[in-house]
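First comes the structure, then the notes that go with it.
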Amino acid sequence: MEAAVEPGNLAGVRHIILVLSGKGGVGKSTISTELALALRHAGKKEQSISLMSVGFLLESPDEAVVWRGPKKNALIKQFVADVAWGQLDYLVVDTPPGTSDEHMAAVEALRPYSPLGALVVTTPQAVSVGDVRRELTFCRKTGLQVVGVVENMSGFVCPHCAECTNVFSRGGGEVLASLAGVPFLGSVPLDPELTRSLEEGQDFIRDFPKSPAFPALFSIAQKVMSEAPARLS
-11 MEAAVEPGNL AGVRHIILVL SGKGGVGKST ISTELALALR HAGKKEQSIS LMSVGFLLES
49 PDEAVVWRGP KKNALIKQFV ADVAWGQLDY LVVDTPPGTS DEHMAAVEAL RPYSPLGALV
109 VTTPQAVSVG DVRRELTFCR KTGLQVVGVV ENMSGFVCPH CAECTNVFSR GGGEVLASLA
169 GVPFLGSVPL DPELTRSLEE GQDFIRDFPK SPAFPALFSI AQKVMSEAPA RLS
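Just so you know, we're using this note's numbering here: the sequence shown kicks off at -11 and counts up by one.
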């Protein structure tokens, strides 16, 4: 008689979203943070947000992770297998930029739990959009569904006159999504209040509902929720 297979530590997680970017500096971690907050506030019940990071395991916050690939891959698998994730509606995974062994390890470790897919972050510039093309190729080759593309730093809205200035060009992310045949979730403008909330540890979605970036971020969360099937009742 075969022993019953015990459910993994992610068995209580309804939807898993990996946040990817083709290059660093596009605001992927910011989008990950605000997506988690927006999903929390968009839900029908009040819930807390938990955070797990390799930084918690280091001796000092200034310590660098100087590890070779096999050790990083082993840690990713250990995070999936050993962390007590509990019951979660959404698990937002903020991945490193680019495509690497860590991304492959994360996708393979999470595959048994059927991730909802990847949210790909870009900025409007051509160099960033070009990198995202490779990120979309990675998703296709690994069988990871693309939930959508988000264009971050898409213009600066003047707090005095509400005029939008396209500091880094505009529309590259939307054009790319259209050409790739994947959803475009929205454009998030540069917003000083968003920057301040991150630096001061404030809940941007709760505390700055009238800021320029709020409608875009909340709309992105709503679109993600509409893509999420009801896997667990």
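Even glycine gets a Cβ: it sits at the ideal position worked out from N, Cα and C.
Checklist line | Nearest-angstrom Cα separation, counted from Val117 out to Val108 | finding: 10 Å
Next item on the list: Determine, using beta carbons only, whether Pro177 and Gly143 come nearer to each other than 8 Å.
Entry: yes
Note to self: Suppose you measure from the CA of Val138 to the CA of Leu173; what does that come to, to the nearest Å?
What the structure shows: 5 Å
Note to self: Give me the residue from Val7, Arg121, His148 with the minimum Cα distance to Leu167.
What the structure shows: Arg121
Check: In terms of residues, what are the limits of the beta strand (DSSP E) holding Asp77?
Finding: 76 to 82
Note to self: If distances are taken between C-alpha atoms only, which option among Gly13, Pro84, Val145, Ala204 comes closest to Asn61?
What the structure shows: Pro84
Item checked: Residue ranges of each beta strand (DSSP E) within the region 113 to 162, 3 or longer -> 134 to 145
Check: Can you list, in chain order, the residues of its chain whose CB lies under 6 Å from that of Leu76, leaving out five sequence neighbours each side?
Finding: Val1
Next item on the list: Specify the secondary structure class of Val71 as computed by DSSP and reduced to three states.
Entry: coil
Margin query: For Leu27 and Ala204, which I take to be in contact (beta-carbon distance under 8 Å), what is that distance rounded to the nearest angstrom?
Written below: Contact doesn't hold; Cβ gap of about 14 Å is too wide.
Margin query: In whole angstroms, give me the CA-to-CA distance for Glu181 and Asp191.
Written below: 11 Å
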